[in-house]
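Engineer: Residue numbers in the sequence shown follow our numbering, run continuously in steps of one, and reach 810 at the last position.
Glycine included, every Cβ here is placed at the ideal spot set by N, Cα and C.
These figures come from a predicted structure and were not determined experimentally.
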Amino acid sequence: MDKVSEDIGKFYHHYPRVAVVVTARFNGRDNAMAVAWHTPLSSKPPLYGVAISPKRFTYELAADSREFAVNFLPACRVDLVAATGGSKGREMDKFSAFKIARQDSVKAAVPILKDAYAAYECVMVDDRLYGDHRLLVGEIVAVHYLEEVIMADGTLDLGKVGPVLYLGNEQYLDVEECRLRTVDREFCVGRLKIDH
């Protein structure tokens, strides 16, 4: 690398990222918003984190209810992901405005998107401020998924569905023509290791 900058800016270098729609419900109000900053945190217990600005209506609903859902949508629904990210839940009912279909949750009182190929119902175990975002950590209490798009090893079959990939700055990556490459980590360690 030959370029160094102390002007951090928007730092889009960690993209592309799978964009999800986080949903929450409290006092009869539902909301959905696009989130690119999310991550698994633990297998046992199964913990998942989402970073949301405390200014967002979805944050308020999740903080008050102590529950949220993470919905993974197929690339063909990038329009819905962008719409939920580009609108304000305090000012509109996104579910009605965008005709978002729901299905019943199992353990948490959260909206699950019918168009999602996978969704996690989460019960919040932590909520902390980091800079201008809050990291909501939820224990996954139920997983919804389309069986036909998940391979026997539990991974997503990219030949059947592609995730919404966000590049930052309102750009999305079209993943219709993809190629799966399996790389054996031990082989690579042996191949790249320099013995001294």
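Rounded to a whole number of angstroms, what is the C-alpha to C-alpha distance between Lys708 and Thr637?
Structural biologist: Within the sequence shown, the letter at position 94 stands for residue 708. Within the sequence shown, the letter at position 23 stands for residue 637. Going by the C-alpha atoms only, they are around 11 Å apart.
Engineer: Excluding five sequence neighbours on each side, which residues of the same chain lie with their C-beta closer than 7 Å to the C-beta of Lys721?
Structural biologist: In the sequence shown, residue 721 corresponds to position 107, counting from 1. Counting only Cβ-Cβ distances below 7 Å, and skipping sequence neighbours, we find Glu735, Val755, Ala756.
Engineer: Is there contact here, the region 674–685 with the region 635–651, by at least three beta-carbon pairs under 8 Å?
Structural biologist: Yes, the region 674–685 is in contact with the region 635–651.
Engineer: Entirely within the region 702–749 and at least 3 residues each: give me those beta strand (DSSP E) ranges in chain order.
Structural biologist: DSSP runs (the beta strand (DSSP E)) wholly in the region 702–749: 732–744.
Engineer: Considering Asp644, what are the terminal residues of the beta strand (DSSP E) in which it resides?
Structural biologist: For this step, residue 644 is matched to residue 30 along the sequence shown. Residues 643–649.
Engineer: Spatial neighbours of Val739 within its chain, please: C-beta separation below 6 Å, excluding the five flanking residues on both sides.
Structural biologist: Taking the first residue of the sequence shown as position 1, residue 739 is located at position 125. If we look at Val739 and ignore the five residues flanking it on each side, its Cβ neighbours are Val751, Glu753.
Engineer: Going by DSSP in three states, Glu784 sits in which element: helix, strand or coil?
Structural biologist: Taking the sequence shown and counting its residues from 1, one reaches residue 784 at position 170. In this structure, Glu784 counts as coil in the three-state DSSP scheme.
Engineer: Counting only the same chain and skipping the five closest in sequence on each side, list residues whose C-beta sits under 7 Å from that of Val775.
Structural biologist: Walking along the sequence shown from the start, residue 775 turns up at place 161. Cβ neighbours of Val775 beyond the five flanking positions: Pro688, Tyr731, Val763.
Engineer: Cβ atoms of Gly700 and Asn645: under 8 Å apart, would you say?
Structural biologist: Position 31 of the sequence shown, counting from 1, holds the residue named residue 645. Position 86 of the sequence shown, counting from 1, holds the residue named residue 700. Contact flag unset, no.
Engineer: Whose CA, out of Leu760, Leu772, Val684, lies closest to the CA of Pro654?
Structural biologist: Indexing the sequence shown from 1 puts residue 654 at position 40. Of Leu760, Leu772, Val684, the residue nearest in Cα terms is Val684.
Engineer: Sort out for me which residues DSSP pairs His758 with in a bridge.
Structural biologist: By 1-based counting over the sequence shown, the position of residue 758 is 144. Bridge partners of His758: Ala733.
Engineer: Kindly indicate the opening and closing residues of the alpha helix (DSSP H) around Ala696.
Structural biologist: As a first step, residue 696 must be located in the sequence shown, where it is residue number 82. Looking at the DSSP string, the run of the alpha helix (DSSP H) that includes Ala696 is 692–699.
Engineer: Looking at Leu787: is its Cβ nearer than 8 Å to the Cβ of Leu779?
Structural biologist: Translated into the one-based positions of the sequence shown, residue 787 becomes position 173. Translated into the one-based positions of the sequence shown, residue 779 becomes position 165. For Leu787 and Leu779, yes; Cβs fall inside 8 Å.
Engineer: Where Trp651 and Phe686 are concerned, what is the direct C-alpha to C-alpha distance, given to the nearest angstrom?
Structural biologist: Position 37 of the sequence shown, counted from the first residue, corresponds to residue 651. Position 72 of the sequence shown, counted from the first residue, corresponds to residue 686. Their Cα atoms are separated by approximately 13 Å.
Engineer: Can you give the beta carbon distance from Val737 to Glu681, rounded, assuming they're within the 8 Å contact cut?
Structural biologist: On the sequence shown, residue 737 is found 123 positions in, with the first residue counted as 1. On the sequence shown, residue 681 is found 67 positions in, with the first residue counted as 1. Indeed, because the Cβ distance is near 6 Å, the residues count as touching under 8 Å.
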